[in-house]
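Report on one structure; see the data block that follows.
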Amino acid sequence: DWEKRVSKSARRSSASSFTVLVTGASGFVGTHVSLVLKRRGDGVLGLDNFNRYYDPNLKRA
Numbered sequence: 001d002w003e004k005r006v007s008k009s010a011r012r013s014s015a016s017s018f019t020v021l022v023t024g025a026s027g028f029v030g031t032h033v034s035l036v037l038k039r040r041g042d043g044v045l046g047l048d049n050f051n052r053y054y055d056p057n058l059k060r061a
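Residue numbers (UniProt numbering): 1 to 61.
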């Protein structure tokens, strides 16, 4: 269920970490930023737009 996966990903690992919204999360920069934040213990909520303006395969990381 996608709602549980989103909730789990956004969960932080400690009270001193953050929950961060990453826009453009499926792009090159957004993917790497998200991975670093998760390794640091932060919760990550990734957001991106898969419109047809560009070929969707270009947006998949």
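Don't be surprised by glycine CBs; every beta carbon is placed ideally from N, CA and C. Values in this document were obtained by computation on a predicted structure and should not be read as measured data.
What is the rounded straight-line gap between the Cα of residue i and the Cα of residue j?
i, j, result
"residue 62", "Lys-4", "This structure cannot speak to residue 62, because the chain is shown only from 1 to 61."
"Asn-57", "Ser-26", "11 Å"
"Leu-45", "Ser-14", "16 Å"
"residue 62", "Thr-31", "What the structure shows of the chain is the stretch from 1 to 61, and residue 62 is not part of that stretch, so it cannot be assessed."
"Asp-42", "Asn-51", "28 Å"
"Arg-11", "Val-36", "15 Å"
Within the continuous beta strand (DSSP E) that includes residue i, where are the two ends?
i, result
"Gly-43", "43 to 47"
State the start and end residues of the unbroken alpha helix (DSSP H) segment that holds residue i.
i, result
"Ala-25", "That residue, Ala-25, is in no alpha helix (DSSP H); it is neither H nor E in DSSP."
"Arg-5", "2 to 10"
Using a Cβ-Cβ distance under 7 Å, would residue i count as near chain B?
i, result
"Asp-48", "Chain labels in this structure do not include chain B; a single protein chain is all it has."
Can you find the residues in the same chain that come closer than 7 Å, C-beta to C-beta, to residue i, ignoring five residues on each side of it along the sequence?
i, result
"Leu-21", "Leu-45 and Leu-47"
"Asp-1", "none"
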